[in-house]
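The structure appears below as structure tokens.
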Amino acid sequence: MDRYEYKNQLETLQKLSHIGLWEYDLKTNVLSWTDEVYNIFELDKNIFTPTYDNFLDKVHPEDKQMVREAYLTSIKNQTVYKQIHRLLMNDGRVKWVKDECVTQFDEKGVALYSKGAVQDITELTLAKLKAENEHDKLKAVFDNAPDLLWIKDPKGVYISCNKRFEELYGAKEKDIVNKTDYDFVDKELVSPEYNFSVSPVLVNTIAWVSRIGDDFRKLFDSRAIQLATHSGGNGVDLLNGLRVQFTKLGANVMTKEILTTYQNKCDDVTLENIFVEFINNIKK
């Protein structure tokens, strides 16, 4: 491959990747750009003279000091310069670029020249900002929903929760995330008399609903009930276990009639009705 062909391929690669190369001579203040840098800055190379000051004039006013200080710091500390900043186009549009360079020094530590690359990341940045904006909107809806909402990983560790859920546990989301139900409910509250595990969130939900008298059907955690009844026990065992737990918590729970009535009727729908009556029979 001859030099001319190599140059053409390099220019093609720069256009495809939106990356331009530059070199800055600190002694002469001469700044050299490849064609793609001119394309990124949307400047005519036959008119515009690339100097460091002229470059700074194209940087967004709010980013100019940051860019200047970052470059000077990289020279002072003899480190790689890396910066993401905005460009302000002549028509008022804003572009985002990623700028990097390395500076060469003489044996006395005097900076000689910098060689770097600038990449147009406008599309990527705008897409990221849009995604963050959509995330913020969804998070606002999630946080302010009237129902208890939470997200767990497959191991039962909390990833997120809304404000209503914070009220239930009496803790902020940051103090709930990365924890499990048993970080908030003592394991001793799960009765050893029964061979199953009652979901702590279910216990907390029932206790909370019984206090505030809210529409507990909206808060009914049928998934937690299924987990409890399908892990070695049945609906009657579950209610007995909850009765023991609430008794330990100081509540007077009357479940004898309920247990007798539904002794052999523990499908999911019936079990929900049991819990409706169960909650109504919780006395403070």
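Per full-length UniProt numbering, the sequence shown starts with residue 1, numbered consecutively. Ideal Cβ placement from N, Cα and C applies to all residues, glycine included.
Which listed residue (the options) has its alpha carbon closest to that of residue i
i      : options                           : result
Asp53  : Gln119, Gly109, Ile19 and Val30   : Val30
Glu42  : Asp120, Leu72, Ser74 and Glu23    : Asp120
Lys179 : Tyr158, Lys163 and Ala171         : Tyr158
Lys108 : Ala127, Asn133, Cys101 and Gln78  : Gln78
Ser114 : Leu26, Leu148 and Ala171          : Leu26
Asp35  : Ile19, Tyr24 and Leu129           : Ile19
Ala145 : Ala127, Glu167 and Glu134         : Glu167
Leu129 : Tyr169, Gln104, Asp153 and Trp96  : Trp96
Lys76  : Cys101, Phe184, Lys172 and Val110 : Val110
Leu126 : Lys139, Lys45 and Val94           : Val94
Thr73  : Cys101, Asp44, Thr28 and Glu134   : Cys101
Residues of its chain near residue i, where Cβ-Cβ distance is below 8 Å and the 5 sequence neighbours each way are ignored
i      : result
Phe67  : Note that residue 67 corresponds to Val in the displayed sequence, not to Phe. Correct list, in chain order: Leu56, Val59, Gln83, His85 and Asp99.
Glu177 : In the sequence as presented, Glu is not what sits at residue 177; that position holds Val. Cβ neighbours of Val177 beyond the five flanking positions: Tyr158, Ile159, Ser160 and Cys161.
Lys64  : Leu56
Phe105 : Gln78, Ala111 and Leu112
Asn90  : Glu42
Asp153 : Ile159
Leu171 : Going by the sequence as given, residue 171 is Ala instead of Leu. Within the same chain, Ala171 has close Cβ partners Phe184.
Exposed unless 16 or more other CB atoms sit within 10 angstroms - verdict on residue i
i           : result
residue 294 : Since the first residue of the chain shown is 1 and the last is 284, residue 294 is not available in this structure.
Leu87       : buried
Ala228      : Because the pLDDT at Ala228 is just 44, under 50, the model does not fix this residue reliably, and the value given afterwards should be weighed accordingly. Label assigned to Ala228: buried.
Gly156      : exposed
Tyr182      : exposed
Ile40       : buried
Thr103      : buried
Range covered by the alpha helix (DSSP H) that runs through residue i
i      : result
Gln78  : Segment: none, Gln78 is in no alpha helix (DSSP H) and carries neither H nor E.
Lys163 : Lys163 to Tyr169
Glu23  : That residue, Glu23, is in no alpha helix (DSSP H); its beta strand (DSSP E) goes Ile19 to Asp25.
Coarse secondary structure for residue i, derived from DSSP in three states
i      : result
Lys98  : strand
Thr122 : helix
Leu88  : strand
Phe41  : helix
Leu56  : helix
Ile176 : helix
Ala145 : coil
Lys115 : strand
CB contact below 8 Å: residue i versus chain C
i     : result
Asn29 : As a matter of chain content, chain C is missing from the structure shown, which is built from one protein chain.
Neighbourhood of residue i by C-beta, 6 Å cutoff - its chain only, sequence neighbours within 5 removed
i     : result
Pro50 : Leu31 and Trp33
Leu21 : Thr34 and Ala117
Cβ shell of residue i (< 7 Å), same chain only, five flanking positions each side left out
i      : result
Tyr71  : Tyr81
Phe142 : Leu149 and Asn162
Delimiting residues of the beta strand (DSSP E) encompassing residue i
i      : result
Lys152 : Trp150 to Lys152
Val30  : Val30 to Trp33
Residue i: CB within 7 Å of a non-hydrogen atom of the ligand ZN
i      : result
Lys130 : As far as ligands go, the structure on display features none, and thus does not contain the ligand ZN.
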